[in-house]
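**Q** Using my numbering, the first residue of the sequence shown is number 1, and each one after it goes up by one.
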Amino acid sequence: YYLKAQILREKANKEKNSQLMQEAISNFDTALTKRSQLPRDLARQIERERRKAVESLKSGG
Numbered sequence: 001y002y003l004k005a006q007i008l009r010e011k012a013n014k015e016k017n018s019q020l021m022q023e024a025i026s027n028f029d030t031a032l033t034k035r036s037q038l039p040r041d042l043a044r045q046i047e048r049e050r051r052k053a054v055e056s057l058k059s060g061g
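(1) To which residues of the same chain is R50 closer than 8 Å at the C-beta, ignoring the five residues directly before and after it?
(2) Given that a residue counts as buried once 16 or more other Cβ atoms are within 10 Å of its Cβ, and exposed if not, what is L8?
(3) Check N27 in the structure and name its three-state DSSP category.
(4) Alpha helix (DSSP H) containing R35: first to last residue?
(5) The alpha helix (DSSP H) with Y2 in it runs from where to where?
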């Protein structure tokens, strides 16, 4: 889910597509549901990338 989220976020940024960005955020959320199985640093990275995706969505791309 994390890799898919990264790909969708990048594509959404290039295409200025808010629907793709929402899908990316959803995939980041799904990846974070497995937080207990992830190294702490990776969980932080996912949270950071999710936050950037949300900020990008709010600013309109």
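The beta-carbon is built from N, C-alpha and C at its ideal position, and this holds for glycine as well.
**A** From the atom records:
(1) A5, I25, F28, D29, L32
(2) L8 should be labelled buried.
(3) helix
(4) Here R35 belongs to no alpha helix (DSSP H), and DSSP marks it neither H nor E.
(5) 2–15
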